[in-house]
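Before any comments, here is the structure.
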Amino acid sequence: MTTQPSSPSTAARAVDLTKIYGKDDTQVVALGGVTVEFTAGAYTAIMGPSGSGKSTLMHCMAALDSSTSGQVFVGDTELSKLGDKELTRLRRDKIGFIFQAFNLIPTLTAKENITLPLDIAGRDVDKEWFDTVIATVGLADRLSHKPNQLSGGQQQRVACARALVSQPEIIFADEPTGNLDSRSGTEVLSFLRRSVREFGQTIVMVTHDPNAAAYSDRVLFLADGLIVDEMTDPTAEKVLERMKGFDAVGQQA
Ligand SMILES: Nc1ncnc2c1ncn2[C@@H]1O[C@H](COP(=O)(O)OP(=O)(O)OP(=O)(O)O)[C@@H](O)[C@H]1O
Numbered sequence: 001m002t003t004q005p006s007s008p009s010t011a012a013r014a015v016d017l018t019k020i021y022g023k024d025d026t027q028v029v030a031l032g033g034v035t036v037e038f039t040a041g042a043y044t045a046i047m048g049p050s051g052s053g054k055s056t057l058m059h060c061m062a063a064l065d066s067s068t069s070g071q072v073f074v075g076d077t078e079l080s081k082l083g084d085k086e087l088t089r090l091r092r093d094k095i096g097f098i099f100q101a102f103n104l105i106p107t108l109t110a111k112e113n114i115t116l117p118l119d120i121a122g123r124d125v126d127k128e129w130f131d132t133v134i135a136t137v138g139l140a141d142r143l144s145h146k147p148n149q150l151s152g153g154q155q156q157r158v159a160c161a162r163a164l165v166s167q168p169e170i171i172f173a174d175e176p177t178g179n180l181d182s183r184s185g186t187e188v189l190s191f192l193r194r195s196v197r198e199f200g201q202t203i204v205m206v207t208h209d210p211n212a213a214a215y216s217d218r219v220l221f222l223a224d225g226l227i228v229d230e231m232t233d234p235t236a237e238k239v240l241e242r243m244k245g246f247d248a249v250g251q252q253a
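Quick note on UniProt numbering: the sequence shown kicks off at 1 and runs consecutively.
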């Protein structure tokens, strides 16, 4: 199960990762050989035009989709070496997910949704950590509510708490503020940022929004299935400027 060791500070990485959908005439190269490392305890944003391969990269990294060739490692574990059961266990134990559409179970309370992954895994809930996470996301007075009794922002904070409570090696967030108004979005982004700063959580987030990307430590820019640029310590203005450059290149092509 374990192959070449990565550096201790790497939470996940890909080596020459390709993903090709379809065959022959309908073939689409969604990822054309991506090599990338995600540093442990860092907040990485992935940006790029529509169709550039952001979701595909994240799904391959998170073991939600298989690669065509190349390698993906979560910690030291290479995903292509794992069978279905081992992949399920890896997703359950080592990876947290936050989706644009929240993906909460409507019949369960906020608290039950948050502890569900641990309950399924048969793991105990660390009461102290649970309380820390709940205090951080500001949900203490909403724990017995069902998702339809919560605002969008509150539902996404439940989803964040669910991802964080099992202390996964890495959290993948796919447009986590895409369905939120700007105030709720800011709350969620601030919380994700704190979870990196204060708890050492590793987060990889796909976003279209330069303001959201500005919360990260590093932005990777994808175009046509390749990483074409990156920026550390981003600001919304710098990200926007860089994106304009890509759009201009795309229009000339
Ligand atoms: N299941 C699939 N079958 C065929 N082609 C696919 C499939 N999923 C994605 N693609 C193609 O792969 C390419 C990359 O798609 P992907 O969804 O990763 O892009 P994206 O950057 O996340 O786009 P967006 O910002 O619009 O969500 C696109 O050309 C897309 O049409």
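The beta-carbon is built from N, C-alpha and C at its ideal position, and this holds for glycine as well. In this text, all values refer to a predicted model and were calculated from it rather than measured experimentally.
Output the distance between the C-alpha atoms of Ala12 and Asn179, rounded to the nearest integer angstrom.
As a first step, residue 12 is located in the sequence shown; it is residue number 12 there, counting from the start. As a first step, residue 179 is located in the sequence shown; it is residue number 179 there, counting from the start. Across the structure, Ala12 and Asn179 are spaced so that their CA atoms are roughly 27 Å apart.
Below 8 Å between beta carbons: does that hold for Val204 and Arg157?
Taking the first residue of the sequence shown as position 1, residue 204 is located at position 204. Taking the first residue of the sequence shown as position 1, residue 157 is located at position 157. Result no, Cβ atoms of Val204 and Arg157 do not sit closer than 8 Å.
Mind checking who Ser69 pairs with in its DSSP beta bridge?
Within the sequence shown, the letter at position 69 stands for residue 69. According to DSSP, which records beta bridges pairwise, Ser69 is partnered with Thr18.
Counting only runs of 3+ residues fully inside the stretch 56-115, write out the beta strand (DSSP E) ranges in chain order.
Here the runs fully enclosed are 69-74 and 95-99.
Can you give the beta carbon distance from Val34 to Ala14, rounded, assuming they're within the 8 Å contact cut?
Within the sequence shown, the letter at position 34 stands for residue 34. Within the sequence shown, the letter at position 14 stands for residue 14. Val34 to Ala14, Cβ: 5 Å. Contact.
Starting from the C-beta of Ala40, find all residues in its chain whose C-beta is less than 6 Å away, skip the five residues before and the five after it, and write them out in chain order.
Counting from 1 along the sequence shown, the entry for residue 40 is found at position 40. These residues qualify, in order along the chain: Ser9, Ala11 and Thr202.
Where does Asp126 fall in DSSP's three states?
Taking the sequence shown and counting its residues from 1, the one referred to as residue 126 is at position 126. Coil at Asp126, not helix or strand.
Separation of Cys160 from Val125, as counted between CA atoms
Here residue 125 refers to the residue found at position 125 of the sequence shown. Here residue 160 refers to the residue found at position 160 of the sequence shown. Distance between the alpha carbons of Val125 and Cys160: 16 Å.
Per DSSP, Arg183 forms a beta bridge with which residues?
Within the sequence shown, numbered from 1, the residue matching residue 183 stands at position 183. Arg183 pairs with nothing; no bridge assigned.
Start and end residues, alpha helix (DSSP H) containing Arg157
Position 157 of the sequence shown, counting from 1, holds the residue named residue 157. Where Arg157 is concerned, the enclosing alpha helix (DSSP H) stretches over Gly152 to Val165.
What residues in its chain sit with their C-beta under 7 Å from that of Ala223, if we drop five residues either side in the sequence?
By one-based count along the sequence shown, residue 223 stands at place 223. The beta carbon of Ala223 sits closer than 7 Å to those of Gly48, Pro49, Ser52 and Phe246, all from its chain and outside the five residues before and after it, given in chain order.
Along the chain, where does the beta strand (DSSP E) that runs through Ala223 open and close?
As a position in the sequence shown, residue 223 is number 223, starting the count at 1. That run of the beta strand (DSSP E) goes Arg218 to Ala223.
Going along the chain, which residues put their C-beta within less than 5 Å of some heavy atom in ligand 1?
Here the residues come out as Tyr21, Val28, Ala30, Ser50, Gly51, Ser52, Gly53, Lys54, Ser55 and Thr56.
Straight-line gap, Leu64 to Leu90 (C-alpha atoms, nearest Å):
Working through the sequence shown from its first residue, we reach residue 64 at position 64. Working through the sequence shown from its first residue, we reach residue 90 at position 90. Going from the Cα of Leu64 to the Cα of Leu90 covers about 11 Å.
Which one of Ala173, Thr132, Glu237 and Pro234 has the shortest CA to CA distance from Met54?
Within the sequence shown, residue 54 is the residue found at index 54, counting from 1. The sequence given here has Lys at residue 54, not Met. Residue Ala173 is the option with its Cα nearest to Lys54.
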